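Only one structure is covered here, and it is reproduced in the block below.
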Amino acid sequence: MLKKSKLHGEFFMQGDIACAEGAIAAGCRFFGGYPITPASEIAERMSYRLPMLDGVFVQFEDEIASITSILGASWAGMKSMTATSGPGWSLMNENIGLGMMMETPCVLINVQRGSPSTGLPTSWGQSDMMQAKWGSHGDYGSISLCPKSPQEFFDLTIVAFNYSEKYRLPVFILTDAIVGHMTEKVIIPPVDELEIIERKYTTKKPGEYLPYKVEKDMVPDFAKAGDGYRYHTTGLTHDERGYPVMTEECQWKCVPRLVEKITKNADNIILLEERDVEDADVVVVAYGITARTVVPAIEAAKKKGIKVGLLRLITVWPFPEKRIKELAQKVKGFVVPELNLGQIVLEVERCSAKYVTTKSITHPGGGIHKIENIVKAIEKVAYE
Amino acid sequence: MKEQKIKISGFGGQGVILSAYIIGKAASIYDKKNASMTQAYGPEARGGACSSQVVISPKEVDYPLVDNADVLIALSQEGYDKFISILKKDGILLYDSDLVENLKHSSKIKSNPIPATRVAEELGNKIVANVVMMGFFTAVAKMVSIEAMKQSIQESVPSKYTELNMRAFDKGYNYIKNLK
Amino acid sequence: MNKNIQVKKEIYHPMEDILRMDRMPHIWCPGCGLGSDVVAFAQGIKKANIPFDKVVIVSGIGCTGRVAGYLRLDSYHTTHGRAIPFATGLKLANRELTVVVFSGDGDLFAIGGNHLIHAARRNVDINVICVNNFIYGMTGGQNAPTTPLGAYSSTAPYGNFEPPFNLVGLAAASGATYVARWTSIHIRRLADSIATAAKKKGFCFIEIVTPCATVFARKNKGGTGLDLLSEFKNRSVINHSADPTKIPLDMEGEIVCGEFVNEEKPTFWENVKEGIREKVEKKVDWEKMQSKRKRKLYAESSDDLS
């Protein structure tokens, strides 16, 4: 075995590369991908690093093969990942659904760019926030994390693997071209100092094991291919045995749990950063790079005497509705800047509409918000 | 120390992005400050307009973009034309005097010409023009320590070119002295 | 599935150890060839003497897609067309497994065609068994990329005017190391082929020409499943030395069967190992790198390094 091929120390590292290193630190040993700007650096790094660790890198013929291959690899017991941007994500949606239905741990990275269609390949956007939630047909709980820096891209990639192993589902990281291509200091701790969660393998004997039987928690125990369990799994609605059963009753048993295993664990999944939120009149709700580019506007508004705070959504899905509802009863309103024409603002509105007004500040991508527009919005919410 | 914002512009292939990387790494890893480097480029691998930017700060960098630069390093006329307007009124301009000839900025800007590409050619390889400029930047702007810059360059270029790059850096660093 | 049909426990099926008897009866129509194909597969795997625990089966969607559900193996019923990349992931993540894709002509050559040619090109060590019934059975008899010229289907009410793919020709041209074609009536030879493929390294492709009594035969006046089998029997010729690219299938001509390709070449993983191992080890010689330049393992910018 090749030794010492795990990094630790202090690096000046690009976001995409930090993501790849985070995956490796988390134990990811299979990467299936297809080149796309601005996510290609993740694949490039994995193609360089995985062979050092006896891992598998495959550049597939398209994004559909990439996502499906990582599901297969995960069922063979290997932690797996793919990375793409908006157009590739659109292609992956069907098999994201398969991963959700089969309850397959894996991680998908979306380095977002300007959209729709081919859009702005080399420029910035946060265009897939809703696609990540609703992209595949049907209902399923999902987890999306939004890093704001290369360091956090590293850290959250590990968190994503931990969540995917713990709750058995494909977990998403939604970042953007700025963070992906930004270079900053990244501190990589020694591997034994990282908290790494592994999936729960069944301790039952073959014959006793039911692949979708849920006992204490809402997540079934896993058995990997080749271990003698000879189980079945399918994208069809299935019972505890994994056998397809085409009945309303089985649909009730099968699907709501996919949603509830996430919503009922939301408190353990949701990560937030708050700055001056407690006594704020106006709360700016932002995520990813926008949570950084909005800071000068917040400072300008503070200078004008407005009490304004920043609520940064590190976890976007499941949406932190409990916290937004709490704040909605105290504040005058919310301002939601995003590099899209208003996606997450819909969630903020949904959770706060009873109490306050929410102001959306949109931007189609390709640049960032003008600071004065955000200041104006903050003022409007504060004084109206 | 205040936050300092540096913009570098030129053509793809001139080392515009590597230069920002070297500055950022020097500041962040070796000078133990915080640095955030971002890049913008066209779809072309070579020849397209290309720019990069570094924000150096004693505290964590929130706003990583440079729309109000303390320093502009222009390696091409197009790069100069495109970004001279974002340089602060009393900002520092460094430019390759053979490649940027058409100047239009106000006299308040501290203007620092260097024929970086010619100096590099004299050293035997014009590919190190950006490193000549890095030396010049280190001497003029005094935002990053010379030790940190040298270490950063050594860590960032292939070992067989270390010596050439060090000579290029020194040429650029001492250029200002030689002028006096 | 007809819920009223109860399978009695004492009824013994010779393939019981590899079939999910608790899922019988299956959903396939009377006269369908899939049952025989699955039995041939079971016989082949037994013949190859590979422990069942290490055989994994992956299917896509369609009538043949249901095969995974009836075999008592680790079995994965995936999405339409994507069985091959799923199988590729399984195989490369656990190289001890024998990974078999069992799917239909529409699944593997229409929606999944790109994956098939690329898996063959890479020479991933998996086996692909393609049941070719010339039509989309499960969705009600629509045109397939294998539907012969002139044949009727529910989306070719005036007869099919698109030339079909010759599956063995395409697999061979894409680089498969083993290519064979049989029909559902060649059970013994098919089982032998499946055993050969199971033991063989590299991308192996087996086409099984299979009767679809319910839709293909009905639309094309082909009679019952049994009629189709006897027609296959009459039209089949075994010619191992035939050029697989020159033996397309049509409505009336010969069905040329045989093992057309059986060659040795390095698999994807062997190429990975042989091709880059040494170079990788050089790069991972960490001590050496520390003393020299740490450049590569540190973060690089995406620009060229001058």
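Order-wise, the sequence lines are chains A, B and C. Just so we're on the same page, my numbering is the position in the first sequence counted from 1, plus 63. Just so we're on the same page, my numbering is the position in the second sequence counted from 1, plus 658. Just so we're on the same page, my numbering is the position in the third sequence counted from 1, plus 21. Where a beta carbon is used, it is the ideal one built from N, C-alpha and C, also for glycine. Here the structure is a predicted model, which is why all the values come from computation and not from measurement.
Any Cβ of chain A within less than 8 Å of the Cβ of residue i?
i, result
"C/I297", "yes"
"B/L676", "no"
"B/L740", "According to the sequence provided, residue 740 of chain B is Lys. The question's Leu does not apply to it. Cβ-Cβ to chain A under 8 Å: no for B/K740."
"B/N692", "yes"
"B/I666", "no"
"B/P722", "yes"
"B/I681", "no"
"C/K75", "yes"
"B/M695", "yes"
"C/L129", "no"
"C/T217", "no"
"C/D38", "no"
"C/A197", "no"
Note down the Cα distance separating residue i from residue j, rounded to an integer number of angstroms.
i, j, result
"A/E261", "C/V60", "39 Å"
"C/T167", "C/E252", "18 Å"
"B/I750", "A/L171", "43 Å"
"A/R375", "A/Y350", "5 Å"
"A/P274", "C/I259", "44 Å"
"A/S153", "C/L55", "35 Å"
"A/K388", "A/Y230", "26 Å"
"C/R239", "C/A140", "35 Å"
"A/G198", "A/A364", "37 Å"
"B/M807", "B/A727", "20 Å"
"A/G72", "C/L137", "43 Å"
"A/Q314", "C/E280", "45 Å"
"A/M64", "B/R776", "At A/M64 the pLDDT is 35, less than 50, meaning the model places this residue with poor confidence; the figure from the coordinates comes in the next sentence. Distance between the alpha carbons of A/M64 and B/R776: 50 Å."
"A/I325", "A/P252", "29 Å"
"A/S143", "C/M42", "34 Å"
"C/E302", "C/N292", "16 Å"
"B/N836", "B/R825", "15 Å"
"A/G78", "A/F217", "8 Å"
"A/K66", "A/Y111", "Legend: pLDDT at A/K66 = 44, less than 50; position of this residue unreliable, value from coordinates given subsequently. Roughly 15 Å separates the two Cα atoms."
"C/I66", "C/R93", "12 Å"
"C/V79", "C/M36", "19 Å"
"A/A106", "A/F120", "8 Å"
Please report the Cβ distance between residue i and residue j, rounded to the nearest whole angstrom; I am assuming they are in contact, meaning their Cβ atoms lie under 8 Å.
i, j, result
"B/V713", "B/E661", "6 Å"
"A/V345", "A/V444", "5 Å"
"B/K665", "B/L730", "5 Å"
"C/G52", "A/I133", "With a Cβ gap of about 40 Å, C/G52 and A/I133 do not count as contacting."
"C/I208", "C/S57", "6 Å"
First and last residue of the alpha helix (DSSP H) that includes residue i?
i, result
"A/S227", "213–230"
"C/S175", "That residue, C/S175, is in no alpha helix (DSSP H); it is neither H nor E in DSSP."
"C/Y91", "88–91"
For residue i and chain B, any beta-carbon pair shorter than 8 Å?
i, result
"A/H71", "no"
"A/T420", "no"
"A/K248", "yes"
"A/H295", "no"
"A/H432", "no"
"A/M155", "no"
Tell me where the beta strand (DSSP E) around residue i begins and ends.
i, result
"B/S769", "768–772"
"C/A201", "199–204"
"B/L866", "With chain B covering only 659 through 838, there is no way to say anything about residue 866 of chain B."
"A/T100", "Careful: A/T100 lies outside any beta strand (DSSP E) and carries neither H nor E."
"C/H98", "95–98"
"B/D728", "727–732"
Name, in chain order, the residues that DSSP records as bridge partners for residue i.
i, result
"A/P400", "A/I424"
"A/L374", "A/E337, A/V348"
"A/S143", "A/F93"
"A/W315", "Paired residues: none, contrary to the question."
"A/V121", "A/G95"
"A/M165", "In DSSP, A/M165 forms no bridge with anything."
"C/E19", "Only positions 22 to 327 of chain C appear in the structure, and residue 19 of chain C is not among them; the question remains open."
"A/P307", "A/H301"
Verify the CB distance criterion: does residue i have a CB-CB separation below 8 Å to chain C?
i, result
"A/N158", "yes"
"A/A128", "yes"
"A/L299", "yes"
"A/T145", "no"
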